[in-house]
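>
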Amino acid sequence: MHRRHLTLAGLAWLGGAQAAGRATLPTPALGPGPASTPPTPISATPATASSGGTPSASLRLLSEEFPPINFTEAGQPRGLSVDIVQAIQKRLGQSLPIEFMPWARAFREAQDGPPAALFAMARIPEREKLFQWVGPIVTFQSTFYAKAGSGIRLRSLAEAKLAARVLVVRDWYTLTQLQSAGFHNLQQISDPIQGVRMLAAGRAPLFAAEKLSMPQTLVQAGVARGALEEVFSFAASEGYIAFSRSTPMGTIHAWQSQLNELKRDGTFQAIYKRWLPTDAPPK
0 MHRRHLTLAG LAWLGGAQAA GRATLPTPAL GPGPASTPPT PISATPATAS
50 SGGTPSASLR LLSEEFPPIN FTEAGQPRGL SVDIVQAIQK RLGQSLPIEF
100 MPWARAFREA QDGPPAALFA MARIPEREKL FQWVGPIVTF QSTFYAKAGS
150 GIRLRSLAEA KLAARVLVVR DWYTLTQLQS AGFHNLQQIS DPIQGVRMLA
200 AGRAPLFAAE KLSMPQTLVQ AGVARGALEE VFSFAASEGY IAFSRSTPMG
250 TIHAWQSQLN ELKRDGTFQA IYKRWLPTDA PPK
């Protein structure tokens, strides 16, 4: 990652950028999101009892399309976090279905209602009291992207605040991080594919996104990898399986215990290497 300076020409370009595309949306409270797409149950095998004898059928497993961490392929759940969740379930004697839906909806449903687990979620201070946590299972990198050849160079969050606009996905942890840092130039969008396409088309100067998922997002968006460039990574956050507050503590302890065992016997590291061979797994 090159942490380069924002040139005077880049500053002038940012300041003169014209607003285009979707209008800036008001900042929502953490949690609520659109309910535009019905959930997609995957591997809907009847649930069994946990190893401790506690029924597990009421626990919902929620996720989103976010390759290579969690996604669907040919109707089947795949990805780093999916493999970890399924390995934990196997050791608990469970076989719960995974529901894929837009992140904003999953984020809301993981807080409101019966026991649920949403993965993989960045554990940041603003979310700490909203969920119960099992992990860590991955490390996310918050990164600013610009259109290749734009001349934009950043070396700090303060310089990013000078941009005409910064695209960020609604209800993503990057939005919360930038709001907490005092950003007032954020334009919320529905998903990372929209952000990539808008940035490549020159409809915004910057996109605050997640680095691990960016290669696959470019493929999904039909945008060439060289069309965008990283200009500044501003935070690292560990990803967890986030359980609703309504989930029994016994479930939390059972899942964390089995995750710890996966790490002790090397299963976790093998899964991580399969999906992210150049990254070091979290402890």
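The sequence shown: position 198 = 197 (numbering that gives the first Met the number 0), numbered continuously.
All C-beta atoms, glycine included, are put in the ideal place defined by N, C-alpha and C.
In whole angstroms, what is the alpha-carbon distance linking Arg-273 and Ala-180?
35 Å
> Mind reading off the beta-carbon distance from Val-218 to Arg-152? Whole number of angstroms is fine, and I expect it under 8 Å.
With 8 Å as the limit, Val-218 and Arg-152 do not qualify as a contact, their Cβ atoms being about 26 Å apart.
> Which one or two residues does DSSP pair with Tyr-239 in a beta bridge?
Per DSSP, Met-120.
> Taking the straight line between their C-alpha atoms, what separation do you get for Thr-47 and Leu-95?
Reliability fails at Thr-47, whose pLDDT of 37 lies under 50, so the model's placement of it is uncertain and no value is given.
> Could you check where the beta strand (DSSP E) with Ser-141 kicks off and where it finishes?
131–146
> Where does Val-168 fall in DSSP's three states?
Three-state DSSP puts Val-168 in a strand.
> Could you name the residues of the same chain whose beta carbon sits closer than 6 Å to that of Leu-60, not counting the 5 residues immediately before and after it, in chain order?
Leu-95, Ile-97 and Ala-116
> Just the Cα atoms here: how many angstroms apart are Pro-114 and Thr-250?
Each residue's alpha carbon lies about 10 Å from the other.
> Under 8 Å between the Cβ atoms of Glu-158 and Trp-102?
no
> So the beta strand (DSSP E) Gln-110 belongs to, where does it begin and stop?
Neither: Gln-110 is in no beta strand (DSSP E) and is coded neither H nor E.
> Which residues in the same chain have their Cβ closer than 7 Å to the Cβ of Trp-132, if we skip the five residues on either side of it in sequence?
Non-local beta-carbon contacts of Trp-132 in its own chain, meaning distances under 7 Å to residues more than five positions away in sequence, involve Arg-122, Tyr-239 and Ala-241 in chain order.
> Sort Phe-99, Pro-124, Lys-128 and Met-100 by Cα distance to Gln-110 and report the nearest one.
Closest option to Gln-110, Cα to Cα, is Lys-128.
> CA-CA distance, Pro-280 and Glu-237?
Using only the alpha carbons, I get a separation of about 10 Å.
> State the start and end residues of the unbroken alpha helix (DSSP H) segment that holds Glu-260.
248–263
> Report the rounded CA-to-CA distance for Arg-90 versus Gly-265, giving the unit in angstroms.
14 Å
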